[in-house]
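Colleague: Once you've had a glance at the structure underneath, I'll fire off some questions.
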Ligand SMILES: Cc1cc2nc3c(=O)[nH]c(=O)nc-3n(C[C@H](O)[C@H](O)[C@H](O)COP(=O)(O)O)c2cc1C
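Numbering (my numbering), first residue to last: -1 to 196.
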């Protein structure tokens, strides 16, 4: 069994991903389901909905993103982002993170607080998923293509996979075997980020 701290350290943004894995896609999904049951949510509202795409569904999703983003991004951004989109298709699959707006509306909160809790619920689901993938020796990255429920930017995704209208897309994690590990990253001093006051 891996130590928690090692899993935390091993989780990095991995963009070069492949299809090798000691786990089947069904085993990966089963692990993600188990993990989601233990993710904290405001008022135990459990508003997050994950959709795992693999095979043809994964390819169709990234082809859609490619087509949309090609027309939306500036040339500079396209040069930067298109390898991410192309690379995502090479992996084992993608976890799409939605928040179910009907479930979000049942939280006994309003306005800014509801929005904050919705985003926090999703962030907890995202990080737990990313760690679970790392624990299974899988790499992934966190992406935010086509987000914007109010503007209808995510509606084509709901239509493509026949998902409920109340599903608001928040993020994506394309994942797979680690073809190229992440480079060292700059880390600011721990004392600056975590203070001890006695
Ligand atoms: C809220 C949030 C948004 C992020 N958005 C993106 C993104 O849109 N595209 C991307 O490639 N990485 C994204 N990342 C990943 C960060 O860039 C990355 O975690 C950070 O640079 C540290 O690198 P590491 O993940 O390898 O530790 C995001 C991370 C967070 C927490």
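We put the beta carbon where it would ideally sit given N, CA and C, even for glycine. Predicted, not measured: the structure shown is a model, and the values here were computed from it.
Let me know the secondary structure DSSP gives residue 103 once reduced to three states.
Modeller: Residue 103: coil per DSSP, three-state reduction.
Colleague: Out of 186, 116 and 195, which one is the CA nearest neighbour of residue 168?
Modeller: Checking every option, the nearest Cα to that of residue 168 belongs to 116.
Colleague: Measuring CA to CA, which of 53, 170, 112 and 3 is closest to residue 24?
Modeller: For the residues 53, 170, 112 and 3, the minimum Cα distance to residue 24 belongs to 53.
Colleague: On the three-state DSSP scale, how would you describe residue 126?
Modeller: If DSSP states are grouped into helix, strand and coil, residue 126 belongs with the helices.
Colleague: For a test of the three-state rule: what should DSSP assign to residue 38, helix, strand or coil?
Modeller: Residue 38: coil per DSSP, three-state reduction.
Colleague: Under three-state DSSP, which class holds residue 84?
Modeller: Helix at residue 84.
Colleague: Assuming contact is defined by CB atoms lying nearer than 8 Å, are residue 51 and residue 91 in contact in what I supplied?
Modeller: Going by C-beta atoms, residue 51 is nearer than 8 Å to residue 91.
Colleague: In its own chain, which residues sit with a C-beta less than 7 Å from the C-beta of residue 151, not counting the 5 before and 5 after it?
Modeller: Around residue 151: 144 and 145.
Colleague: Can you tell me whether DSSP reads residue 63 as helix, strand or coil?
Modeller: Note: residue 63 maps to helix in three-state DSSP.
Colleague: Whole angstroms are fine: how far does the CA of residue 124 sit from the CA of residue 194?
Modeller: If you take the alpha carbons of residue 194 and residue 124, they lie about 28 Å apart.
Colleague: If you draw a straight line from the alpha carbon of residue 135 to that of residue 175, how long is it in whole angstroms?
Modeller: Their Cα atoms are separated by approximately 7 Å.
Colleague: Counting C-beta neighbours from all protein chains within 10 Å, is the total for residue 93 16 or more, i.e. buried, or is it exposed?
Modeller: Buried, since its Cβ has 16 or more Cβ neighbours within 10 Å.
Colleague: What does the Cβ neighbour count give for residue 89, buried or exposed, with the cut at 16 atoms within 10 Å?
Modeller: So residue 89 counts as buried.
Colleague: Along the chain, where does the beta strand (DSSP E) containing residue 169 start, and where does it finish?
Modeller: Counting along the chain, the beta strand (DSSP E) containing residue 169 begins and ends at 165 to 176.
Colleague: Identify whether residue 52 lies in helix, strand or coil by the three-state DSSP scheme.
Modeller: Strand, per DSSP.
Colleague: Could you tell me whether any non-hydrogen atom of ligand 1 is closer than 7 Å to the CB of residue 140?
Modeller: Answer for residue 140: yes, Cβ within range of ligand 1.
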